[in-house]
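**Q** Please read through the structure below; I'll follow up with questions.
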Amino acid sequence: TEEADDQGNILLPDDICLPSTGEVDDLEKLIDHVFPSLDDNMADSSYMTSRAILSTTNDNVDKINIRMIERFHGDEVIYHSFDSAEDDPYGYYAPEFLNGLTPNGLPPHALKLKLNCPVILLRNIDPANGLCNGTRLVVRGFERNTIDAEIVIGQHAGRRVFLPRIPLCPSDNDMFPFKFKRKQFPIRLSFAMTINKAQGQTIPIVGVYLPNPVFSHGQLYVALSRATAKRNIKILIQKEKPKEKSNKQHNNPKKRKRPTNIVYKEVLTG
């Protein structure tokens, strides 16, 4: 690798980068690399939870998770949340408006799941029995008011649990001009997750999706250091689809492989 320039940009090694064409197929290639032979391994919990795609924002992560759950076999089950504005006695905020909100750290209004899909817990429910914020599970069954799931990491791996709907509020109370509450199962799909959510996790096989290669200090280091070996990392720095008049600029490989970050080189020497 090269030294960082004065903006903190570093040229990533070719062997961990997927070439970007600017087309939607780029993301499909990353998915296929991280989840090879998906059709044959959907019921294998160790396969499902030994890999993930990391990205910078919930929007990016949601896009990947939607694609993945569509690929997954089986019938889709949708759980809808019950949303309210707690300090809105006159009902100024319509349910449709509240349903469309998905603050950081909360599950979506329409939680779409299939049997054996991987999920991540968003709250501490029962830490003594392995149900902590960040616990990874796979879905094993559906009930009207509970989800049957299996813990797949840590000392409680293999334990079956029943997850209830619980009331959830954003951690940032000033996000809205009202107190937002969502009653929903405290989980999200975890084929993909944000880099911040992955902090502290070991994920043997990691894909990193960067539609925008600008990072906060150390964020790329966190993403790459989740994997157990350099050979298990693939990064897609998505570039815009090239215009005819700027093909020369877009075809410069150094341009497309320079995310901004200044602490990560030790990860790439393993």
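Residue numbers (my numbering): 58 to 327. Even glycine gets a Cβ: it sits at the ideal position worked out from N, Cα and C.
For residue 165, which residues from the same chain have a beta carbon less than 6 Å from its beta carbon, with the 5 sequence-adjacent residues on both sides left out?
**A** Taking the sequence shown and counting its residues from 1, one reaches residue 165 at position 108. Within the same chain, residue 165 has close Cβ partners 159.
**Q** Taking the C-alpha atoms as reference points, what is the distance between residue 242 and residue 172?
**A** In the sequence shown, the residue the question calls residue 242 occupies position 185. In the sequence shown, the residue the question calls residue 172 occupies position 115. Near 15 Å, if we compare the C-alpha coordinates of residue 172 and residue 242.
**Q** Considering only DSSP beta bridges, list what residue 287 is partnered with.
**A** Start at 1 with the first residue of the sequence shown, and residue 287 comes out as number 230. Residue 287 is not bridged to any residue.
**Q** Taking a contact to mean a Cβ-Cβ separation below 8 Å, would you say residue 195 touches residue 102 in this structure?
**A** The residue given as residue 195 occupies position 138 in the sequence shown. The residue given as residue 102 occupies position 45 in the sequence shown. Against a cut-off of 8 Å, the Cβ pair of residue 102 and residue 195 comes out as a contact.
**Q** Which residues mark the beginning and the end of the beta strand (DSSP E) in which residue 206 is found?
**A** On the sequence shown, position 149 is the one that residue 206 refers to. Per DSSP, residue 206 belongs to the beta strand (DSSP E) from 203–208.
**Q** Buried or exposed, going by whether 16 or more other CB atoms sit within 10 Å of the CB of residue 264?
**A** Position 207 of the sequence shown, counted from the first residue, corresponds to residue 264. Classification of residue 264: buried, given that the 10 Å Cβ count is 16 or more.
**Q** State buried or exposed for residue 269, treating a residue as buried only when at least 16 other CB atoms are found within 10 Å of its CB.
**A** As a first step, residue 269 must be located in the sequence shown, where it is residue number 212. Exposed.
**Q** Are the CB atoms of residue 228 and residue 148 nearer to each other than 8 Å?
**A** Start at 1 with the first residue of the sequence shown, and residue 228 comes out as number 171. Start at 1 with the first residue of the sequence shown, and residue 148 comes out as number 91. No. Outside cutoff.
**Q** List the residues that DSSP assigns as beta-bridge partners of residue 137.
**A** Indexing the sequence shown from 1 puts residue 137 at position 80. In DSSP, residue 137 forms a bridge with 167.
**Q** Check whether the stretch 249–266 and the stretch 286–295 touch, using three or more Cβ-Cβ pairs below 8 Å as the test.
**A** Counting Cβ pairs under 8 Å, three or more are found: they touch.
**Q** On a Cα-Cα basis, can you pick out the residue from 277, 152, 232 and 121 that is closest to residue 252?
**A** Translated into positions along the sequence shown, residue 252 becomes position 195. Residue 252 has its Cα closest to that of 277, out of 277, 152, 232 and 121.
**Q** Return helix, strand or coil for residue 278, following the three-state DSSP convention.
**A** Numbered from its first residue, the sequence shown carries residue 278 at position 221. The answer is helix: DSSP assigns residue 278 an H, G or I state.
**Q** Under DSSP, the beta strand (DSSP E) around residue 108 begins and ends at which residues?
**A** By one-based count along the sequence shown, residue 108 stands at place 51. Unbroken beta strand (DSSP E) run through residue 108: 108–112.
**Q** In this structure, does DSSP put residue 250 in helix, strand or coil?
**A** Against the sequence shown, residue 250 aligns to sequence position 193. Residue 250 falls in the strand class under three-state DSSP.
**Q** Does the beta carbon of residue 199 come closer than 8 Å to any beta carbon on chain C?
**A** No chain C is present in this structure, which holds just one protein chain.
**Q** Could you name the residues of the same chain whose beta carbon sits closer than 6 Å to that of residue 182, not counting the 5 residues immediately before and after it, in chain order?
**A** Position 125 of the sequence shown holds residue 182. Excluding residues within five positions, the ones whose Cβ falls inside 6 Å are 188.
**Q** Using CA atoms only, rank isn't needed, just tell me which of 168, 91 and 130 is closest to residue 239.
**A** In the sequence shown, counting from the first residue as 1, residue 239 sits at position 182. Ranking 168, 91 and 130 by Cα distance to residue 239 puts 168 first.
**Q** Go ahead and pull the three-state DSSP assignment for residue 260.
**A** As a working note, residue 260 is residue 203 in the sequence shown. Residue 260: coil per DSSP, three-state reduction.
**Q** Ignore the nearest five residues each way along the sequence and tell me which others in residue 71's own chain have a CB closer than 7 Å to its CB.
**A** Locating residue 71 in the sequence shown gives position 14, where the first residue counts as 1. Excluding sequence neighbours, residue 71 sits near nothing in its chain.
**Q** Anyone know if the C-beta pair for residue 233 and residue 144 falls short of 8 Å?
**A** If you number the sequence shown from 1, residue 233 lands on position 176. If you number the sequence shown from 1, residue 144 lands on position 87. No, the Cβ-Cβ distance between residue 233 and residue 144 is not below 8 Å.
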